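Below: one structure, written as structure tokens.
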Amino acid sequence: RDRALNYYHQFLDETGHAETIAARFSVVGFSLMGPTQVVPTLTLALRLKELRSDLVVVLGGPWVSLFAAELAAAAPLRPFFDVLVEGEGEAAWLAIARAGGAAPGASVPNAWVRTAKGLAPPRDRFVAYLAEIGTPSFDGLDLDCYGAPRPVLLQSGRGCYWDRCAFCVHTGRGQAALGPRVRLRPLALVAADIAELVRKHAPRYLAFADLSVSPARMRQLCRIMEDGRIDLPWFAFVRLDPGFDRSLLERMRRAGCLKLNFGLESGSARILELLDKGHDLETARRIIDDAIDLGFRVTLHTMAGLPGESREDLDLTLALVDRYAPAVHESYTEIFRLEPGTRIHRSPHSFGIEPRPTDRGFDNCVPFENRGGLSQAEAMAIIEERLYAFYRDREELIYRSRSHFGMKHKHDFAAPSRFRARFRVELGGRVFADEVTVETRGGGILRRVGGGEGQS
10 RDRALNYYHQ FLDETGHAET IAARFSVVGF SLMGPTQVVP TLTLALRLKE LRSDLVVVLG
70 GPWVSLFAAE LAAAAPLRPF FDVLVEGEGE AAWLAIARAG GAAPGASVPN AWVRTAKGLA
130 PPRDRFVAYL AEIGTPSFDG LDLDCYGAPR PVLLQSGRGC YWDRCAFCVH TGRGQAALGP
190 RVRLRPLALV AADIAELVRK HAPRYLAFAD LSVSPARMRQ LCRIMEDGRI DLPWFAFVRL
250 DPGFDRSLLE RMRRAGCLKL NFGLESGSAR ILELLDKGHD LETARRIIDD AIDLGFRVTL
310 HTMAGLPGES REDLDLTLAL VDRYAPAVHE SYTEIFRLEP GTRIHRSPHS FGIEPRPTDR
370 GFDNCVPFEN RGGLSQAEAM AIIEERLYAF YRDREELIYR SRSHFGMKHK HDFAAPSRFR
430 ARFRVELGGR VFADEVTVET RGGGILRRVG GGEGQS
């Protein structure tokens, strides 16, 4: 609510977006993927409710599903929204939309709905049968506004066929209550989805949003792309599964697959076994090497500060990062977070983790003590020393991100703009501060073009 501290109020004042939305719609839904979206979402929701008390605000998405009960019980937040959707939202959103702006009834599936006494929990549960839901619709969206122009997203299935990684929030939360572990959309409907999306939206690329595509399913998707003669780049999330042999990777390239996301996580066989990751390092290296050799744009994910991880374990991970970072499209090394609902969170002591008490609400990064390994601060210090120094030591380049699929961003051709950037970062007990002039062309490129003292 604070107009001085919360700069999203200034943004809304300058753009008039809240007034535009309130004038056009009687129901507004927000899908929250993570915690960074919470403050802007609630700020806009508050402004909408101030403009129109009868407007129905619906919150859903993975973050809301994780904290639905906590959100429903938070009395200070009640003026900000009317409905929380926990889990899959197709049936809930349809029922809410059909109400036409009237207060939805308490029988909306998967929905916490406002009553005179507060938010009532869902009476009915809904799990989508993927043969019965429609082709995704992007009608009314300006697809050229995205960083990579004209993307379309679709799912060939929901759930993860491995479903065992101990750190993953997607595998731990009451799967028995949520229906089958993996649900696959019939192939004929996937083919129809692709044909319809290409016809309606003329996309530049297709993104399969499945949590992970198995080798068997990947062969089926390749056949759909080949049979339909879909001449578009596409990408998918895959595991470092032995089934992704070179012949399958070659077929994927011929079928148009251009980008792959791999979760390597660790270079230590001991840590991979503890996490129940399900791949061995020899197989992982073979698949990554083949993917690079065949021209895939590879995104590689690793973590530091994992349960029981020693300095020697992390060194093995960073050795792989050093090996692959120059060759892959993107390489991310993140600090391990203890998230609610994961196997590690449910049985922390079996992983050498001791959660620390906290009074922070809506926390998907639970504080903990890593009794058998590096602390988060120690892991961060090592990452800073080994990886971030690479950027600090290059005077001409502060930050650079490659455009998605090698395509130019929408604003790459704009005239460059220059501005003064002042920053201060505290990390591992050290302070980095600087003020520099930087130049940007809107494509994720920042170059130092003048002065500045201190460390950067």
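Numbering-wise (the working numbering), the sequence shown opens with residue 10 and increments by one. Heads up, the beta-carbon is just placed ideally off N, CA and C, and yes, glycines get one too. In this text, all values refer to a predicted model and were calculated from it rather than measured experimentally.
DSSP three-state call for residue i: helix, strand or coil?
i, result
"P71", "helix"
"M261", "helix"
"F176", "coil"
"Y333", "helix"
"A388", "helix"
"R295", "helix"
"L193", "strand"
"M312", "strand"
"K286", "coil"
"E378", "strand"
"S40", "strand"
"I142", "coil"
"Y17", "helix"
"I30", "helix"
"E393", "helix"
"F89", "helix"
"A120", "strand"
"V65", "strand"
"R232", "helix"
"C169", "coil"
"S256", "helix"
"P224", "helix"
"S340", "strand"
"K126", "coil"
"A216", "strand"
"I362", "strand"
"A245", "strand"
"L57", "helix"
Under the assumption that residue i contacts residue j (Cβ atoms under 8 Å), give the Cβ distance between them as a whole number of angstroms.
i, j, result
"G98", "G69", "5 Å"
"E363", "F377", "6 Å"
"E95", "P131", "6 Å"
"V66", "A83", "Wrong, their Cβ atoms sit about 15 Å apart, outside the cutoff."
"R262", "G304", "7 Å"
"F244", "K209", "F244 to K209, Cβ: 20 Å. No contact."
"R352", "A175", "4 Å"
"L64", "L57", "5 Å"
"L163", "A211", "In fact, because the Cβ distance is near 15 Å, the residues do not count as touching under 8 Å."
"L215", "L241", "6 Å"
"N270", "P316", "That belief does not hold up - the Cβ atoms of N270 and P316 are roughly 23 Å apart, past 8 Å."
Give every residue of the same chain whose Cβ lies closer than 6 Å to the Cβ of residue i, excluding the five residues on either side of it in the sequence, and list them in chain order.
i, result
"Y341", "H310"
"A101", "V94, V117, P118, N119, A120"
"L329", "G276"
"A186", "Because A186 sits at a pLDDT of 44, beneath the cut-off of 50, its placement in the model cannot be relied upon, and the following sentence gives the value as read from the coordinates. Within the same chain, A186 has no close Cβ partners at all."
"M234", "A264, G265"
"T144", "D202, E205"
"D91", "V65, V66, R123"
CB-CB under 7 Å to residue i, same chain, minus the five flanking residues each way: which ones, in chain order?
i, result
"R192", "L139, G166, R167, G168"
"R173", "T180, D285, G287"
"H18", "R12, T52"
"F253", "P224, V247, I296"
"A293", "L249, L273"
"A77", "L93, E95, W121"
At the level of alpha carbons, what is the spacing between residue i and residue j?
i, j, result
"D331", "I297", "14 Å"
"C231", "V178", "29 Å"
"C367", "H354", "The residue you asked about is not Cys; residue 367 is Thr in the sequence shown. About 14 Å."
"P160", "H358", "43 Å"
"E348", "P335", "31 Å"
"E23", "Y155", "22 Å"
"D299", "V307", "11 Å"
"E205", "P71", "27 Å"
"T50", "L41", "8 Å"
"H26", "L325", "49 Å"
"G38", "V222", "29 Å"
"V199", "L220", "16 Å"
"A106", "V73", "19 Å"
"V48", "N15", "8 Å"
"Q385", "L273", "19 Å"
"D250", "D302", "18 Å"
"A108", "A81", "21 Å"
"A111", "R194", "33 Å"
"T45", "G381", "30 Å"
"R491", "D148", "Since the displayed the chain opens at 10 and closes at 465, residue 491 lies outside it and no answer follows."
"L86", "F371", "12 Å"
Excluding the 5 residues preceding and the 5 following residue i in the sequence, name in chain order all residues of the same chain whose CB lies nearer than 8 Å to its CB.
i, result
"A388", "A313, G314, E318, L323, I344, F345"
"L60", "A27, E28, A31"
"F89", "L51, A54, L55, K58, V66"
Is it the case that the region 314-330 contacts the region 276-290, given that we only count it when at least three CB pairs across the two stretches are under 8 Å? yes
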